[in-house]
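Chemist: Below are the structure tokens for one structure; questions will follow.
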Amino acid sequence: MRNLLVCTLAIIGVLSNGIAQKPDKPTSAEIYHDLQKLNFLGTALYIAAHPDDENTRLISYLSNHDKARTAYLSLTRGDGGQNLIGSELRELLGVLRTQELLAARSIDGGEQRFSRANDFGFSKHPKETLKIWDKDKVLGDVVWTIRNLKPDVIINRFDHRTPGSTHGHHTSSAMLSMEAFDLANDPNAYQEQLSLTSTWQPRRVFFNTSWWFYGSPENFEKADKSKMLKLDVGVYYPNLGLSNNEIAAMASSQHLCQGFGRLTDRGSTDEYVELLKGDFPSGTNLFDGIDTSWSRIKGGAAIGDILYPIEKNFDFTNPSKHVPDLVKAYQLLQKIKDEHWKSIKSKELKNLILACSGLYLEANSENASTTPGSMAKINMEAVNRSSQHIVLKEIKLIGASAAIQPNKVLQNNQKEDFTMDFTVPNTAQYSSPYWLNEPGTLGMYTVMDQNLIGKPETPSAFKAQFVLDFNGTIINVEKNVVHHYSKPDKGELYEPFVVLPKATSKIDEKVLIFSNASSKAVQVKVQAGTDNLKGQVSLNRPSGWMVSPASIPFSIAQKGQEQTVTFTVTPPSSESEGKISPIVTIGNQTYGKELVEITYGHIPKQSILLPSEAKVVRMDIQKSGEHIGYIMGAGDKVPESLEQIGYQVHPIDPSDIQKGSLDKYDAVVVGIRAYNVVDDLKFKQPILFDYVKNGGNMIVQYNTAGRWAEQFENIAPYDLTLSRDRVTDETAKVDIIAPDNSLVNFPNTIKESDFDGWVQERGLYFPTEWSSEFTPVLSMHDEDESPKNGSLLVAPYGEGHYIYTGLSFFRELPAGVSGAYKLFANMLSVGKDEVKKESHVKG
Numbered sequence: 006m007r008n009l010l011v012c013t014l015a016i017i018g019v020l021s022n023g024i025a026q027k028p029d030k031p032t033s034a035e036i037y038h039d040l041q042k043l044n045f046l047g048t049a050l051y052i053a054a055h056p057d058d059e060n061t062r063l064i065s066y067l068s069n070h071d072k073a074r075t076a077y078l079s080l081t082r083g084d085g086g087q088n089l090i091g092s093e094l095r096e097l098l099g100v101l102r103t104q105e106l107l108a109a110r111s112i113d114g115g116e117q118r119f120s121r122a123n124d125f126g127f128s129k130h131p132k133e134t135l136k137i138w139d140k141d142k143v144l145g146d147v148v149w150t151i152r153n154l155k156p157d158v159i160i161n162r163f164d165h166r167t168p169g170s171t172h173g174h175h176t177s178s179a180m181l182s183m184e185a186f187d188l189a190n191d192p193n194a195y196q197e198q199l200s201l202t203s204t205w206q207p208r209r210v211f212f213n214t215s216w217w218f219y220g221s222p223e224n225f226e227k228a229d230k231s232k233m234l235k236l237d238v239g240v241y242y243p244n245l246g247l248s249n250n251e252i253a254a255m256a257s258s259q260h261l262c263q264g265f266g267r268l269t270d271r272g273s274t275d276e277y278v279e280l281l282k283g284d285f286p287s288g289t290n291l292f293d294g295i296d297t298s299w300s301r302i303k304g305g306a307a308i309g310d311i312l313y314p315i316e317k318n319f320d321f322t323n324p325s326k327h328v329p330d331l332v333k334a335y336q337l338l339q340k341i342k343d344e345h346w347k348s349i350k351s352k353e354l355k356n357l358i359l360a361c362s363g364l365y366l367e368a369n370s371e372n373a374s375t376t377p378g379s380m381a382k383i384n385m386e387a388v389n390r391s392s393q394h395i396v397l398k399e400i401k402l403i404g405a406s407a408a409i410q411p412n413k414v415l416q417n418n419q420k421e422d423f424t425m426d427f428t429v430p431n432t433a434q435y436s437s438p439y440w441l442n443e444p445g446t447l448g449m450y451t452v453m454d455q456n457l458i459g460k461p462e463t464p465s466a467f468k469a470q471f472v473l474d475f476n477g478t479i480i481n482v483e484k485n486v487v488h489h490y491s492k493p494d495k496g497e498l499y500e501p502f503v504v505l506p507k508a509t510s511k512i513d514e515k516v517l518i519f520s521n522a523s524s525k526a527v528q529v530k531v532q533a534g535t536d537n538l539k540g541q542v543s544l545n546r547p548s549g550w551m552v553s554p555a556s557i558p559f560s561i562a563q564k565g566q567e568q569t570v571t572f573t574v575t576p577p578s579s580e581s582e583g584k585i586s587p588i589v590t591i592g593n594q595t596y597g598k599e600l601v602e603i604t605y606g607h608i609p610k611q612s613i614l615l616p617s618e619a620k621v622v623r624m625d626i627q628k629s630g631e632h633i634g635y636i637m638g639a640g641d642k643v644p645e646s647l648e649q650i651g652y653q654v655h656p657i658d659p660s661d662i663q664k665g666s667l668d669k670y671d672a673v674v675v676g677i678r679a680y681n682v683v684d685d686l687k688f689k690q691p692i693l694f695d696y697v698k699n700g701g702n703m704i705v706q707y708n709t710a711g712r713w714a715e716q717f718e719n720i721a722p723y724d725l726t727l728s729r730d731r732v733t734d735e736t737a738k739v740d741i742i743a744p745d746n747s748l749v750n751f752p753n754t755i756k757e758s759d760f761d762g763w764v765q766e767r768g769l770y771f772p773t774e775w776s777s778e779f780t781p782v783l784s785m786h787d788e789d790e791s792p793k794n795g796s797l798l799v800a801p802y803g804e805g806h807y808i809y810t811g812l813s814f815f816r817e818l819p820a821g822v823s824g825a826y827k828l829f830a831n832m833l834s835v836g837k838d839e840v841k842k843e844s845h846v847k848g
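Using the working numbering, the letters of the sequence shown map in sequence onto residues 6 to 848.
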């Protein structure tokens, strides 16, 4: 188990990005905890749909109380959610949330798995979900996970019997789990998997129920609980100094981009699980009736005869005294024919032997990254902090043809340093999330290698294998090669050692809007992955668009430096859209990837390679006004998008808002979820309303219902009630129900065709009730639902206008959706048509 002091520091925000990967240095209490887990041969699998769906209390309880190997299968990586801590959305948000799940599991003691399902956004019914996902492939991934993990117990987070009552992804996860429970043991199902794994029949599957699924605690109190098991998951672990609830809160607090940071909790807490299939446990433990001892496997009893006494008589002051017996157990384990348990327990035993002997092993690359065909240098460190006789015979570099043979006795507390120079193979794969390497679909990621399916992240490019001799017993220990360094203002840091292309390129502006036929200068940044890089950059373009010059040379002296080259892009005279993409040519090799790095303190640094491209849109768009004030909320790219069509966008710090300070703006826009996350707004609401009353134009984008402070009696100058109503079908028909309103007439005429090409959804958290001063402009609905008229509301207030919109402009504008730009320009221009008419009359 990871050092819980480190985990606690991570929660309170002390750790920087580099320390998030600091090697484990377990205490005696944690070593003992891992020894207890070594002596439990049982597995639980928890299944749900998204990151943060998992019940960390139950995962931690199974892992730390029952001592079971516990895994969470999240069918998606959470790509369709929002982001409270940054601007990453879609696939980049999926990478961030993947790492947040891994951070959570490092705290609660679980493991993490995924399917290839893409979180395409909110879905109201599993019928829709399983139509967009490839049901057969996702079901196969669940079967694959069960066959590989071989769980005794499966626990579903959601109820498969209530389709339509919650998120379609949620119900789908439970439905697929129920199907896979039987199919995993069917040799005729997904036969192609069986060359790499074997069939398996779990013993039981449960539904992790609670009063929430019954509507109220009172209803749950009356429910039939004859098939339910009650677990008190609030237990205290003296050897860890933490309660289960504290560990669970620390784990779930890793989901920071979803706003899950919370206080730790203590005290008795009941969880309920309802048996769905299999036999009911004979007692109060989910594993009752299942042999979880070493006798479970043939030849295992002799191993237990060694390990159980160590657990009973563990020496907390000198764990190294147990190393010889642990090594004997390891020798016996290698003779076991059950490859599944041999693999799992060999890894656990190795870690225990290292921990008990205080053996520290590290492989540290001199640089954070390398490129195929380059030379690289690895520094190795080995310290035996015990009196045990250990010989370091060899260090092999897995992933490259390199090795050294120190054949050296590791003396007590004497650090040994070694160096290895090697050539990175030309065939080395880039260190980018494997599920993003091939184009996917709306509902599925493409993964061609069956062995990668389900893995939480791309395996490390290089591992150092330390070949150790414990008094004649050879044990091989693998350590990922990392980059270990320090900064004066941050101290000791770690990050992954990654393989990247020799050159990457990017266009900062991912959508380029051409509102007329004039040319624009487009800058391409080229970044060097190695020293002394020279080549040419060209720009692919869609038909009808012109690019000048045809290519531009570049020369970069040092690795990591960038050089910017500028092309002139000329659009066609008529409306058109497509993509431009830089191509970097070095010798006879071409490179077309952009490097995106994600750096937050609670996760390791992530390096993602995506196609280097930008969308270009030629549209005829009119606008009125110039200066826009923008109050950021949870993070979006709307300001940059508005600048694309010629607005000057001025960020507004809510703490700086004073009476009259907003009068200089033609409109003030409030970013997504601002009232949920910006506390200072509660003091500035009267000033904002005065701005509108005096002739200003205020646009408020979506907020989640009921999640702001009590000081916000209403976010609008009139009564307005938000709800959870949304339209998830991005192709849903949109009716203009106020055809004479200026929002659909000035300065751009909005037609139904302007709602073509929207992405992921129409909108979310629409108001359901509003005062008569508001005019609803649009109506839309998902299939088999009643019309939703609250997506765009406008009301005059004094001399100005207040607009509330739940339309997903934060997705549509960065995606370059022409109709969304025209509609937003009209919203910014509201009231300007009246001023124009008055000026004309006076003239």
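The beta carbon of each residue, even a glycine, is placed where N, CA and C say it ideally should be.
1. Quick check: Met785 and Ala825, are their CB atoms within less than 8 Å of each other?
2. Closest to Leu441 by CA distance: which of Tyr435, Gln434, Tyr450, Ala433 is it?
3. For Thr810, I'd like the list of residues in its chain whose CB is within less than 8 Å of its CB, leaving aside the five on either flank, ordered along the chain.
4. Would you report the Cα separation of Ile479 and Ile36, rounded to the nearest angstrom?
5. Go ahead and label Ala679 buried or exposed: buried means 16 or more other beta carbons lie within 10 angstroms of its beta carbon, across all protein chains shown.
6. Could you work out which residue in Lys610, Ala408, Asn750, Ile518 is closest to Ile741 when comparing CA atoms only?
7. Please confirm if the region 34 to 50 is in contact with the region 291 to 299, defined as three or more CB-CB distances below 8 Å between the two stretches.
8. Which residues mark the beginning and the end of the beta strand (DSSP E) in which Val388 is found?
9. Touching or not, the region 124 to 144 and the region 162 to 171, by the rule of three or more beta carbon pairs under 8 Å?
10. Under 8 Å by Cβ, that's how I've got Ala619 and Ile585 pegged, so tell me the actual separation to the nearest angstrom.
11. By DSSP's criteria, Lys282 is part of a beta bridge. Which residues make up the other side?
12. Tell whether a beta-carbon distance below 8 Å holds between Gln765 and Glu735.
13. Return yes when the Cβ of Lys232 is within less than 8 Å of the Cβ of Phe285, no when it is not.
14. Measuring CA to CA, which of Val429, Pro493, Pro324 is closest to Ile403?
15. Buried or exposed: Pro819, going by 16 or more other Cβ atoms within 10 Å of its Cβ?
16. Along the beta strand (DSSP E) that carries Trp775, what are the first and last residues, could you check?
17. Name the DSSP beta bridge partners of Thr122, please?
18. Where does Lys847 land, buried or exposed, given buried means 16+ other C-beta within 10 angstroms?
19. Are the region 457 to 466 and the region 111 to 122 touching by the rule of at least three beta carbon pairs closer than 8 Å?
20. Would the beta-carbon of Thr478 be found less than 7 Å away from any heavy atom of the ligand FMN?
21. Within 10 Å of its beta-carbon, does Ala714 have 16 or more other beta-carbons around it, so buried, or fewer, so exposed?
22. Who are Ala368's beta bridge partners in DSSP?
23. So for Gln434, helix, strand or coil by DSSP?
24. What ranges does the beta strand (DSSP E) occupy inside the region 527 to 606, keeping only unbroken runs of at least 3 residues that lie completely in it?
25. Please list, in chain order, all residues of the same chain as Asp139 whose beta carbon is under 6 Å from its beta carbon, the five residues on each side excluded.
26. Which class does Leu245 belong to by DSSP, given the choice of helix, strand or coil?
27. Return helix, strand or coil for Asp275, following the three-state DSSP convention.
28. Determine whether the beta carbon atoms of Phe502 and Phe471 lie at a separation below 8 Å.
29. Give me the Cα-Cα distance between Ala254 and Leu98, rounded to the nearest whole angstrom.
30. Helix, strand or coil for Met703? Go by DSSP, reduced to three states.
31. Could you say which of Leu783, Asn794, Arg152 lies nearest to Pro772 if we only look at CA atoms?
32. Going by beta carbon distance, what residues of the same chain come within less than 8 Å of Ile755, once the five residues before and after it are set aside?
33. Quick one: which unbroken beta strand (DSSP E) runs of 3-plus residues sit fully inside the region 646 to 733? Chain order, please.
34. Does DSSP classify Arg623 as helix, strand or coil?
35. Measure how close the beta-carbons of Ile311 and Asp296 come, nearest whole angstrom, since I'm counting them as under 8 Å.
36. By DSSP, does Ile395 sit in helix, in strand, or in coil?
Modeler: Taking the structure as given:
1. no
2. The residue among Tyr435, Gln434, Tyr450, Ala433 with its C-alpha nearest the C-alpha of Leu441 is Tyr450.
3. Ile704, Val705, Gln706, Tyr707, Gly768, Ser796, Leu797, Leu798, Met832
4. 22 Å
5. buried
6. Asn750
7. yes
8. 380 to 389 is the extent of the beta strand (DSSP E) around Val388.
9. yes
10. Between Ala619 and Ile585 the beta-carbon gap is near 6 Å, inside 8 Å, which marks them as a contact.
11. Val210
12. yes
13. yes
14. Val429
15. Pro819 comes out buried.
16. 768 to 775
17. Residue identity differs from the one stated: residue 122 is Ala in this sequence, not Thr. Paired residue(s): Met449.
18. Note on Lys847: pLDDT 40, under 50, position unreliable in the model; the coordinate value appears next. Burial call: exposed.
19. yes
20. Among the components modelled here there is no ligand, and therefore nothing to report on the ligand FMN.
21. Low local confidence applies: a pLDDT of 45 at Ala714 is under 50, so the model's placement there is unreliable, with the coordinate-based value given in what follows. Its Cβ having fewer than 16 others within 10 Å, Ala714 is exposed.
22. Met385
23. coil
24. Within the region 527 to 606, the complete beta strand (DSSP E) runs of at least 3 residues are 538 to 545, 551 to 553, 556 to 561, 567 to 575, 581 to 591, 594 to 596, 598 to 603.
25. Met449
26. coil
27. strand
28. Inclusion of Phe502 and Phe471 in the CB contact set at 8 Å is not warranted, their separation being larger than that value.
29. The straight-line gap from Cα to Cα measures roughly 22 Å.
30. strand
31. Asn794
32. Same-chain partners within the cutoff: Ile741, Leu748, Val749, Gly824, Lys827, Leu828, Asn831.
33. 653 to 656, 672 to 675, 702 to 705, 725 to 732
34. Collapsing the DSSP output to three states places Arg623 in a strand.
35. Rounded, the Cβ-Cβ distance is 18 Å, inconsistent with contact.
36. Correct three-state label for Ile395: strand.
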